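Chains as they are written, first to last, in the numbering used here: chain L, 1 to 249; chain F, 250 to 762.
All C-beta atoms, glycine included, are put in the ideal place defined by N, C-alpha and C.
This structure is a prediction, so every number in the text was calculated from the model and none was measured.
The structure appears right after this line, and notes come after that.
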Amino acid sequence: MKVVATYSIKGGVGKTSTAVNLAFEAARTGSRVLVWDLDPQGAATYLFRVRPKVRGGSKRLVGSGGELAGHIRGAGLSSVHVVPADFSLRHLDLHLDGTKRPMARLAGLLDPLREDYDLALLDCPPSISLASESVFGAADALLVPVVPATLASRTLGQLERFLDGDADAPTVLPFLSMVDRRRKLHRQLVDDLTAEWPRLLPTAVPAAAVIERMGVERAPVGAFARSSVAARVYRDLWAEVAAVLWPED
Amino acid sequence: MAPTFSHPDRPSSVVVDTLVRKGFEVSASQRTTITVLDTFDGRLHQAGLRLTLRRSGPIELVLVTMGAAQEARLSWSKVPSWPSDLPAGPFRSRLASVTKERALLPLLTISADVRTLRHLDHRGKVVVAAELLDHVGIEDADEAQAAELPTWLVEVLPVLGHADAAEAAVTRLGAAGLRAQPDDLVALAARSVGVPLHGRDSSPTVPLEASDGALDAFRRVLANLADTIDMNLEGTIADTDPEFLHELRVAVRRTRSVLAHGKSVLTTDIRDRYRDAFGELGQVTGPPRDLDVQVMGWAAYVSPLDSADAASLETVRVELDARRSAAHQQLSNVLRRATTRDLLDEWRAWLSDPDVGTGEHEPIGAVVARRIAKAQDKVIRDGRAIAPTSPAEMLHDLRKDAKKLRYLFECFGSLFPAKIRKAFVTQLKALQDNLGDHQDAEVQLAELRDLAREMHQRGSVDADVLLAMGRLSDHLDRRRQHERDDFAQRFVAYDTKANGRVLRQLLHEVADA
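Here it is as structure tokens:
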């Protein structure tokens, strides 16, 4: 099982929509997918139409007797399962801090499921905290949405510096998100960011009404607007991520 | 297995009426074909997996772990022969790790009018689904086979975390008078047309008692080997995957070896006639099998070289592959000949009505004990005669001796207590591995040198390739020498008093039975 986290220190950059749409694409192309919603807002849980309830709260989930299997729910989409979020996750840092090895705790919870799933997608809340470090300890790759904004480069730089020197750190896969090419400033910033961060994945996710409609449809774009540009973009983005996770034999 | 229901006398509309009354929504009916794929020997089934290709609107490969909640789906448009036909990713690697050198084959194709019934909760999420399969048919099934399968079935598909909804659906279908089926659609369909989902068995071992008459026991062992030859013939001719030839070749050689051991049981003319015939057949399987081994193991074969040398040998791999194809073509031509078919038919006819030999009433236990003792004596005698300077042919002969001994244990294995037999065979196998690796290196070295000469004469090879072939040849020679040096130690480990005691114990058990 590969573990990928959609992660950014900044909020509102498209982490959840990326997690949900890539879960859909991964499932469509042959993966057994587990989405673990770690954000107390529970947006991924909502989009997958799963009841936002962590039985016993996040304390029991990450505590010494905790396990993930009992929390997993079918998403109503073939090949996608979800560990839902609820508001108790706002104390995740605190509850992780109470465990013996907090940085390895999330990886430890995923370990028993390694044979059951091909991909675990962790949808993270925006922050850099103990929970983030536990995510870094579990993830093979961090998928980092970068919006065309002047502070975006600085935020990505902070993350790279934080992980620098850690031999076991996940691979950082930044990509442009919420790009509006009609705006001159966006075009300029995209050019600047691409020049500054050559490791940006080639596919940029546009700011699109069809992505916003996910909240109404409560489904990934590919499920209700298969032929849309956004659906194609997520297909391409997933192909790029999959090529990193499972290089051609 | 998904809970499955049907009823021989009631229409499928009962399902729709029952579930719609409870709030299920129903999709339109869609004619769907479901092709079940596995290797010839059922590796996916044995690993607890089921692979199907579903064609309705979209075409999908579906890989299910039996008994688990999770399945994998891959949009794909045709029947794959190999996992490598699929895009890189977990779907492909999960299949490849199980199927290995075996090709995927379509085992059976089911067609049905499929409607999906789904129950949604207040969030609009599916909490249980059911698939109604109506007008079920199986491709190429005759009337009697088709009659064994219900004309319609419904499978309840639980959603993880909503067991109560699935249980309620099952209860409702039961209360509506429908009958729970012992298996799901695929298993029922496979049974009705006699397709073994667990795969075809090429095991040489048949159930025997030490007190069984020798002739009947030989006949059963040889008939089982004839079955193996027959069932692998088509796949060998079509060159479907290398295991067909391997299984066929080993069955031919075992047949010949068992015939040789039947001196006191089978008539001389039968033994001579079929030993010669199967000997010839065995010989034509040699070159394509050797080349199969080389081509399949190419990556390991060139792994001691640096990447530049390995890359420059790509032309050699292509050449070997061409030789492999040509050798298979020659073999296919022989196997297609009427004389080959006649041989196998006549052999079958004899097996079903064998001539009476001289020792047919002797118990098989005593015959096999005697033959094993003799075969072991030969292995020990020939092995002890090999000195560090002995020619390679002596190792090759010993390899054949060891194989004959091993075949006896395999073909008549059911006569022996499994645990002690396994302990002895493990020792024998360690010796065989050394002799086999030595022989493989010899064969590959000869093939490589022959290829280098031929390519050089044709002028179709540049200096870099010849140099890389030289380096590979050096490596093979070192490997050959390493195995040769290792032989003495391996043989001493086999030729021990303890091993002799284990063998005597085994023979004592069957001879006195």
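Checking the DSSP bridge columns, you'll see L/H81 partnered with L/L34, L/G74. Taking a Cβ-Cβ threshold of 7 Å, the residues of chain L close to F/G410 are I72, R73, G74, in chain order. F/L353 and F/D287 have their alpha carbons spaced roughly 5 Å apart. With respect to chain L, the C-beta atom of F/E320 has a partner C-beta closer than 8 Å. Under the Cβ criterion of 8 Å, F/V470 is not counted among the residues facing chain L. By the CB criterion at 8 Å, L/L110 and L/L47 fall outside the cutoff. Within 8 Å of the CB of F/R372, the CB atoms of chain L belong to R49, V50, R51, R218, in sequence order along the chain. From the beta-carbon of F/V375, the residues of chain L found nearer than 8 Å are G74, G76. Ranking L/V135, L/E196, L/L77, L/D164 by CA distance to the CA of F/V408 puts L/L77 first. Taking C-beta atoms as the reference points, F/I621 and F/L657 count as a pair closer than 8 Å. If the five residues before and after F/D558 are omitted, its C-beta is found closer than 7 Å to the C-beta atoms of A717, R720, all from its own chain and listed in chain order. For L/G30, the chain F residues whose Cβ falls inside 8 Å of its Cβ are L310, L312, A321, R322, L323, L335, P336, G338, P339, F340, R341, in order along the chain. Within the segment 229-246 of chain L, A242, W246 place their CB atoms closer than 7 Å to a CB of chain F, listed in sequence order. It is roughly 30 Å from the alpha-carbon of F/L562 to the alpha-carbon of F/G484. Taking C-beta separations shorter than 7 Å and ignoring five residues to either side along the sequence, the partners of F/L644 in its chain run I635, L684, H687, F736, following chain order. Just measuring C-alpha positions, the residue of F/L494, F/T564, F/G423, F/G531 sitting nearest F/H577 is F/L494. For F/A500, there are no neighbours in chain L by C-beta distance under 8 Å, as the nearest C-beta there is about 32 Å away.
Legend: CB atoms of the segment 704-731 of chain F lying less than 9 Å from CB atoms of chain L are not found in any residue.
F/A317 belongs to the set of residues whose beta carbon lies under 8 Å from a beta carbon in chain L. For the C-beta of L/S79, the chain F residues within less than 8 Å are, from N- to C-terminus, Q319, E320, A321, R322. By the Cβ criterion, the segment 412-422 of chain F is not in contact with the segment 431-448 of chain F, since fewer than three pairs of Cβ atoms, one from each stretch, lie closer than 8 Å. DSSP places L/K2 within a strand segment (E or B) once states are collapsed to three.
Per DSSP, the continuous beta strand (DSSP E) segment holding F/R322 begins and ends at 320-324. Interface flag for L/E248 against chain F is set, since a Cβ pair is found closer than 8 Å. Residues of the segment 106-121 of chain L with a C-beta atom less than 8 Å from some C-beta of chain F are D116, Y117, D118, L119, listed in chain order. Secondary structure at F/T281: strand, using DSSP grouped into helix, strand and coil. With fewer than 16 neighbouring CB atoms inside 10 Å of its own CB, F/E458 falls in the exposed class. Chain-ordered, the chain F residues with CB closer than 9 Å to the CB of L/A27 read A321, R322. Contact between the segment 48-64 of chain L and the segment 135-146 of chain L is not established, with fewer than three Cβ pairs separated by less than 8 Å. From the listed residues L/V233, L/P170, L/D97, the smallest Cα separation to L/F24 is found for L/V233.
Put simply, the backbone Cα of L/P247 is about 29 Å away from that of L/A152.
In this structure F/P332 does not touch F/A317 by the C-beta definition: roughly 20 Å separates them, more than the 8 Å allowed.
According to the DSSP assignment, F/E659 belongs to the alpha helix (DSSP H) that extends over 641-660. Residue nearest to F/G272 within the set F/D490, F/R524, F/V377 is F/V377 (criterion: CA-CA distance). Sequence-distant Cβ neighbours of L/V241 in its own chain, meaning closer than 8 Å and more than five residues away, are V4, L22, A141, L143, L173, L201.
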